[in-house]
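If you count the sequence shown from 1, you need to add 11 to reach the numbering used here. Backbone N, C-alpha and C define an ideal beta-carbon position, used for all residues, glycine too. Note that the coordinates shown come from a computational prediction; the quantities given were computed from them, not determined experimentally. One structure is given here, and the rest of the page talks about it.
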Amino acid sequence: MKDARKLLKSPNRVFEALRAGRFVVANPIPSYEEFADFAWLGDSMGSGILWAVSHPREVRRRIETGQRYVEKKYSPDVIARQWGTAIRAALDAGAAAPSGRRLDQGGANNISSR
């Protein structure tokens, strides 16, 4: 890959496309590798498009399988639960606000303490 910044992309584009029922043709960057069974990952977009047009049944199967996978791992409910767990863990660990006070003890970001 010529542009190293592209290696830092999240998988959002891939799982949102799959969720919407679209087949994904993309470069094989690390964050997309998880979805290789549900998409076409390769260095030539043209080859990927030609493959998809030539294999409509396989494309449909990959989309459907990918949608089930995305729903299990990346649905809004799953992501919300993960955020909730992370926030609770940070609060339980006594994450300090910039003032050095705990967020749950009226730290600098606590509006009610002003």
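Exercise. Please report how far the alpha carbon of F34 lies from the alpha carbon of E75, in whole angstroms.
Key: 10 Å
Quiz prompt | Inter-residue spacing [alpha-carbon to alpha-carbon] between A37 and P87 | solution = 23 Å
Quiz prompt | Own chain, CB closer than 7 Å to M56, minus 5 neighbours either side, in chain order | solution = V36
Quiz item: When DSSP labels each residue in this structure, what does G15 get in the three-state scheme?
Solution: The question names Gly, yet the displayed sequence has Ala at residue 15. In this structure, A15 counts as helix in the three-state DSSP scheme.
Quiz item: What are the boundary residues of the alpha helix (DSSP H) that includes F26?
Solution: N23 to R30
Practice problem: Determine the extent of the alpha helix (DSSP H) in which I98 is found, giving its start and end residues. | Solution: P87 to D103
Quiz prompt | Cβ pair count under 8 Å reaching 3, the segment 42-62 against the segment 18-27 | solution = yes
Practice problem: Assign G105 to buried or exposed, taking buried as 16 or more other Cβ atoms, counted over all protein chains shown, within 10 Å of its Cβ. | Solution: exposed
Self-check item: Span of the alpha helix (DSSP H) around A63
Solution: M56 to S65
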